[in-house]
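Asks: Let me begin by handing over the structure; questions about it come next.
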Amino acid sequence: SGAIHIDQGICRLLLPNAFSPKGDGINDVFSVKYPFSVKAFSFMIYSRFGELIFETTDMSKGWDGTFRGIDQPVGSYVWIIQFTDITNRTQTGTGVITLLR
């Protein structure tokens, strides 16, 4: 009988382009929509002034729109994600998230 070989496809990050941390249970946290298994993960969010305001190495965690316990203003924020998948391929993604209130 023949063997079945399955190649892992390129892992894709799905992230929204806006979120509204109003505490209503809808889009309250900006995070990876469908976390998957990786060997390494880094998620950073920067203010428009280039200040690092959120960082995690846990793909299941996300940003709640605060920095040091203070609600951040409505506007655009830059995110950078880097991860190493289970095949040791490192990928980097960047984008902009709009914080709404």
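The working numbering applies: residue -2 is where the sequence shown begins, and numbers increase by one.
Ideal Cβ placement from N, Cα and C applies to all residues, glycine included.
Please read these numbers as outputs of a predicted model, since none were measured by experiment.
1. Can you grab the Cα-Cα spacing for the pair G72 / V93, in whole Å?
2. Tell me the rounded alpha-carbon separation between A37 and F80.
3. Excluding the 5 residues preceding and the 5 following S34 in the sequence, name in chain order all residues of the same chain whose CB lies nearer than 7 Å to its CB.
4. Apart from the five residues on each side of it in sequence, which residues of its chain come closer than 8 Å, Cβ to Cβ, to L11?
5. How is I42 classed by DSSP in three states: helix, strand or coil?
6. Expressed to the nearest angstrom, what Euclidean distance is found between the alpha-carbon atoms of G90 and E48?
7. For T53 and R65, what's the separation of their Cα atoms in angstroms?
8. Tell me the DSSP secondary structure of N74 in three-state form.
9. Give me the Cα-Cα distance between R98 and Q69, rounded to the nearest whole angstrom.
Replies: With the given structure in hand:
1. Distance between the alpha carbons of G72 and V93 is about 10 Å.
2. In a straight line, the C-alpha of A37 is about 5 Å away from that of F80.
3. Counting only Cβ-Cβ distances below 7 Å, and skipping sequence neighbours, we find I83.
4. Short of 8 Å from the beta carbon of L11, and not among the five residues preceding or following it, lie these beta carbons of its own chain, in chain order: V29, K30 and Y31.
5. Strand.
6. Between G90 and E48, the C-alpha separation is close to 18 Å.
7. Straight-line Cα distance between these residues: approximately 14 Å.
8. Reading off the sequence shown, one finds Tyr at residue 74, where the question assumed Asn. DSSP places Y74 in the strand class (E or B) of the three-state scheme.
9. Rounded to whole angstroms, R98 to Q69 spans 10 Å at the Cα level.
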